[in-house]
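Residue numbers (the working numbering): 1061 to 1872.
Quick look at the structure:
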């Protein structure tokens, strides 16, 4: 055969393969392949960029790769170790509080004395009205914008810090590494560390924090980190230190991974079902081709050509869709992602192709190999072809790489194991429900439908299980999204306090509260604040206590304590009960870190005095509500004799901003922390994350609906011979249609109800073990899933019923 003949033959084979794809109901395979490639591509690309966000945000918040923080000066041994590492860059910041005086006013401020290297990461923007600067020089003084109004000064005026006079250089536009802590944040001023001595503000007993910032290779930093033994007042911080924003990013990434995994499972199931249906419908065609002399080699080429075309269509549309999806998911995160964006290269394309091929090999290979082995006898008489057990070894193609990739990921195996278990349970429960319905007084059509389901219990159970599992996975995607969003919305509730007043002197507190109440401002109760340390637990000194969870910081630094007559409603007691004397209530996470139990005896050092208290309760605290919260809350008799300042939080609306200025003038020694700008930024972040999560969840719902549509369509298509028999025996179209509606309507409603039960259990488990959040019930789910299932069924029956009944003439 010459080349032209071969080309002509291949061309005809290609055209025939295209026709076979178009008429052989193989379009769902292309859609499934496109979904797999698009989802994996988009997730891989987005995950790379989300990782950049988390790492960049963590390091920018630290203003370095590693930070050493202590209430004592940096030890010379640590500095010597750093000097021995030329590749490591260092910077120092000394933070302390002092009074700032202008000619008219005074204000307590936080002084940040930095060297010329600061910051190593992040942005420091200083503006003198003409030029923007990023470094602090000797002799300069830069003020937080609030300080200008509090001290009634302008650039060029003189402000006194301690013993030193400074000429104001300008305002602080942006600080690196801002974090929210109402007990430590006051209006900030920047000076150079060479000017600390002339202020005379640091004396014996001064409250000061020394920070050493390091930038360099991870190995060098680890050596430096191990070169010093930490005292209780020292600690290291890196980008893995806890962060509310990092927690949201991590949970977003977890959700993206979960959603894509479920989408892949549903798409792979669609692949399997579609291919099996194609094989069932093409056995006679293959048998006829064999009877006409077609060899297995030719059949392999014919089927392989179809697979290649399908993969090519899936690849082209998948990469294009994945690229657009990644852009669509990224649009709301533009302000958060690094600029310029790092290139993700060809890695997402490679990962998506490999994933698709690994899934496609068993999903398409097993049924198509069975089709090739169809005997020519099937032309005359349909016989069951047995697939060689060797063929089923193709299942290992995706499983082995998955075992290697996820061998230590317990959550993945819990989810996969749960899917298998729920598939069986959903099928069994559904059949049990149908058997109960059979005992009820039902119509003739329904009785015929129930009889048919019970006649083939195993096959029906598989159908119920597949449909129920598909509905359940669809619901899981949407419900996990909903529960996550509800949790994130608690980060800053709409009525959350947005201003904190701290350092209120005891003689001012009554007048301050009267002023707030007189202006009808919604506020919290006032809390006395005093700082101290946990000194001992059950008679054991804190430094020698052995039952501390690794990474716990409660024993290594000063904490803020308060006392109350009764606990606020926001502090829900989960163990023990509040007492009136000699007691202390402990926040649940701290109690877990220190392995504390009700009745444990704690000792504390406060202002060089020792006090003792018994743990009377353990509280759950919702830190994200932006209300005053504490690790330790004492009964009044323990601390009320010690000197303390007071704090109150309240909410100011935009039209009430002048109230803050009047409060500053009336109570000049009270520090006001206005967090409205930060709150708006966090809400913006949440809105952006919500948008990204919703887009991907919607894609998961589309995949679920496609799978449900395919399941019902294939199941109905397989009933064609049976419907022909009914029609031959005289059943009218109306009778057949009513029977189909009864059977599949019962299947849809039953599977929807059982899927609702499975979804509730699955979501509760995922939220508890995957996201460490409490689950909740979803009453609307029990209506939504049966309704969705019934709606899709109506679409399927309406699209197929004419075709199913068309071959039969007469017997109307």
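From the three backbone atoms N, C-alpha and C, an ideal C-beta is built for every residue, glycine too.
These numbers come from a predicted model, not from an experiment.
Check: Note down the Cα distance separating residue 1253 from residue 1200, rounded to an integer number of angstroms.; Outcome: 10 Å
Check: Does the separation of the CB atoms of residue 1623 and residue 1566 fall below 8 Å?; Outcome: no
Check: Starting from residue 1673, trace the beta strand (DSSP E) both ways and give me its first and last residue.; Outcome: 1669 to 1680
Check: Taking the C-alpha atoms as reference points, what is the distance between residue 1635 and residue 1380?; Outcome: 55 Å
Check: So residue 1734 and residue 1720 are supposed to be a Cβ contact under 8 Å. How far apart are they, rounded?; Outcome: 6 Å
Check: State the DSSP-derived secondary structure class of residue 1187, mapped to helix, strand or coil.; Outcome: strand
Check: Report the partner residues of residue 1160 according to the DSSP bridge assignment.; Outcome: 1167 and 1221
Check: Ends of the beta strand (DSSP E) at residue 1588?; Outcome: 1587 to 1597
Check: If you run the structure through DSSP and keep just helix, strand and coil, what is residue 1231?; Outcome: strand
Check: Got a sec, what are the start and stop residues for the alpha helix (DSSP H) residue 1514 sits in?; Outcome: 1504 to 1515
Check: Could you tell me whether the segment 1800 to 1808 touches the segment 1505 to 1513, using the rule of 3 or more Cβ pairs below 8 Å?; Outcome: yes
Check: Between the Cα of residue 1682 and those of 1255, 1834, 1210 and 1235, spot the shortest distance and give me the residue it belongs to.; Outcome: 1834
Check: Quick check on this structure: which residue in 1373, 1680 and 1713 has the alpha carbon closest to the alpha carbon of residue 1098?; Outcome: 1373
Check: Report the three-state DSSP secondary structure of residue 1691 (helix, strand or coil).; Outcome: coil
Check: Should residue 1384 go down as buried or exposed, given a rule of 16 or more other Cβ atoms within 10 Å for buried?; Outcome: exposed
Check: In whole angstroms, what separates the C-alpha of residue 1838 from that of residue 1154?; Outcome: 52 Å
Check: Taking DSSP's pairing of strands, which residues face residue 1153 in a bridge?; Outcome: 1174 and 1271
Check: Comparing alpha-carbon positions, which option in 1420, 1386, 1140 and 1419 lies nearest residue 1408?; Outcome: 1386
Check: Does the beta-carbon distance from residue 1816 to residue 1688 come in below 8 Å?; Outcome: no
Check: Going by beta carbon distance, what residues of the same chain come within less than 7 Å of residue 1813, once the five residues before and after it are set aside?; Outcome: 1842 and 1846
Check: Would residue 1484 pass as a contact of residue 1430 if the rule is Cβ separation under 8 Å?; Outcome: no
Check: Among 1088, 1848, 1338 and 1822, which has the Cα closest to the Cα of residue 1486?; Outcome: 1822
Check: Using the Cβ count rule (16 or more neighbours within 10 Å means buried), how would you classify residue 1183?; Outcome: exposed
Check: How would you write the range of the beta strand (DSSP E) that residue 1827 sits in, first residue to last?; Outcome: Careful: residue 1827 lies outside any beta strand (DSSP E) and carries neither H nor E.
Check: Rounded to a whole number of angstroms, what is the C-alpha to C-alpha distance between residue 1105 and residue 1410?; Outcome: 11 Å
Check: Have a look at residue 1564 and residue 1145 and give me their C-alpha separation to the nearest angstrom.; Outcome: 46 Å
Check: Smallest Cα separation from residue 1415: which of 1502, 1346, 1332 and 1321?; Outcome: 1321
Check: Residue 1563 by DSSP, collapsed to three states: which one?; Outcome: strand
Check: So is residue 1238 buried or exposed if we call it buried at 16+ other beta carbons inside 10 Å?; Outcome: Bear in mind that the predicted position of residue 1238 carries a pLDDT of just 49, short of 50, making it too unreliable to give a figure here.
Check: State the start and end residues of the unbroken beta strand (DSSP E) segment that holds residue 1415.; Outcome: That residue, residue 1415, is in no beta strand (DSSP E); its alpha helix (DSSP H) goes 1407 to 1432.
Check: Specify, as a first and last residue, the run of the alpha helix (DSSP H) that residue 1639 falls within.; Outcome: From DSSP, residue 1639 is part of no alpha helix (DSSP H); its letter is neither H nor E.
Check: Below 6 Å CB to CB, which residues in the same chain sit around residue 1324 once its five sequence neighbours on both sides are set aside?; Outcome: 1096
Check: What does a CB cutoff of less than 6 Å around residue 1363 pick up in its chain, not counting 5 residues either side in sequence?; Outcome: 1428
Check: Suppose you measure from the CA of residue 1305 to the CA of residue 1836; what does that come to, to the nearest Å?; Outcome: Low confidence applies here, because residue 1305 scores a pLDDT of 48, under 50, leaving its location unreliable and the question unanswered by this model.
Check: Looking at the structure shown, is residue 1661 part of a helix, part of a strand, or coil, going by DSSP?; Outcome: strand
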